[in-house]
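To start, the structure under review is shown below, and the notes come after it.
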Amino acid sequence: MTSLEFRLSPVKDIYGGPILFELDSAGTALRSFRDFIADAPEQLGGFPAFQIAPPLPFIPEDRHGEPFVLIVSCWAGLPEEGERALQPFHDFAPVVAEHVGVMPYPALNSAFDALVPPGLQHYWKANFVTELSDAAIEAHLVHGPRLPAVNSTVHIYPINGACHRVAPDATAFRLPGRLLRHRHRRHVAGPRRQ
Numbered sequence: 002m003t004s005l006e007f008r009l010s011p012v013k014d015i016y017g018g019p020i021l022f023e024l025d026s027a028g029t030a031l032r033s034f035r036d037f038i039a040d041a042p043e044q045l046g047g048f049p050a051f052q053i054a055p056p057l058p059f060i061p062e063d064r065h066g067e068p069f070v071l072i073v074s075c076w077a078g079l080p081e082e083g084e085r086a087l088q089p090f091h092d093f094a095p096v097v098a099e100h101v102g103v104m105p106y107p108a109l110n111s112a113f114d115a116l117v118p119p120g121l122q123h124y125w126k127a128n129f130v131t132e133l134s135d136a137a138i139e140a141h142l143v144h145g146p147r148l149p150a151v152n153s154t155v156h157i158y159p160i161n162g163a164c165h166r167v168a169p170d171a172t173a174f175r176l177p178g179r180l181l182r183h184r185h186r187r188h189v190a191g192p193r194r195q
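Going by our numbering, 87 is the number at position 86 of the sequence shown; the sequence numbering is gapless.
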């Protein structure tokens, strides 16, 4: 490939943000997300994750440093429809904390940048799966909460919507069926080897 041309869709403000659930509700939240997102409107996106709660003002102070399951949500339709659009996420399990509202899309896209400051060594591992099976959810329930640090995460990205309406031979990267991308990220402080 010698060039890449993007066609951007106009997205100004979105309605979204992180919604944190108790770890003991993680199985219910993951299964509910899996079952809901497959047929959700294309304007509604998000991904479940495991995260150690950073010291942010919207998280109760006595819960900082605890692992949670969360859904990072994004409604790209009319912002005034956002609260209603995100209601299914709130219905998955009792919400511990959230930071949801109208914001510019870049604010959501960069919301977690402070957790990964320059100078860290990044280790990423990811794969694609055709479904988020009950067995995969159980494996996430065992390993997701074992994060070593606040800047380590486990994300489960649904890949759905418009990308599946493209002809199989129209792109260099084919996505057969509905896939989920699992990503584990770990950061290590310290000097880099040259």
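Note that CB positions come from ideal geometry on N, CA and C, so glycine has one too.
{"query": "Inter-stretch contact (C-beta, 8 Å, three-pair minimum) for the stretch 64-80 and the stretch 14-27", "result": "yes"}
{"query": "Residue closest to L87, alpha-carbon to alpha-carbon, out of F37, P56, A127", "result": "F37"}
{"query": "Rounded straight-line distance, which links the Cα of K13 to that of C1", "result": "Residue 1 lies beyond the range of the chain shown here (2 to 195); nothing can be said about it."}
{"query": "Interface flag, A112 vs chain B, CB-CB below 8 Å", "result": "Among the chains in the structure shown there is no chain B, since it carries only a single protein chain."}
{"query": "DSSP-derived helix/strand/coil call for Q1", "result": "Missing from the structure shown is residue 1; the chain here goes from 2 to 195 and no further."}
{"query": "Reference V155, options T3, A27, L9, F7, closest by Cα", "result": "A27"}
{"query": "Inter-stretch contact at 8 Å, needing at least 3 Cβ pairs: the stretch 36-51 / the stretch 118-126", "result": "no"}
{"query": "For T154, the first and last residue of its enclosing beta strand (DSSP E)", "result": "154-160"}
{"query": "Local conformation of Q44 per DSSP, three classes", "result": "coil"}
{"query": "Sub-8 Å separation of A98 and L31 beta-carbons", "result": "no"}
{"query": "Cβ neighbour criterion (16 or more within 10 Å) applied to V130", "result": "exposed"}
{"query": "Proximal residues to G145 (C-beta, below 8 Å), its chain only, five neighbours per side dropped", "result": "A27, F51, P68, V70, V155"}
{"query": "Reduced DSSP secondary structure (H/G/I, E/B, other) of E82", "result": "helix"}
{"query": "Residues that C75 bridges to, as DSSP identifies them", "result": "G17, G46"}
{"query": "Proximity of E82 and G162 at Cβ, strictly below 8 Å", "result": "no"}
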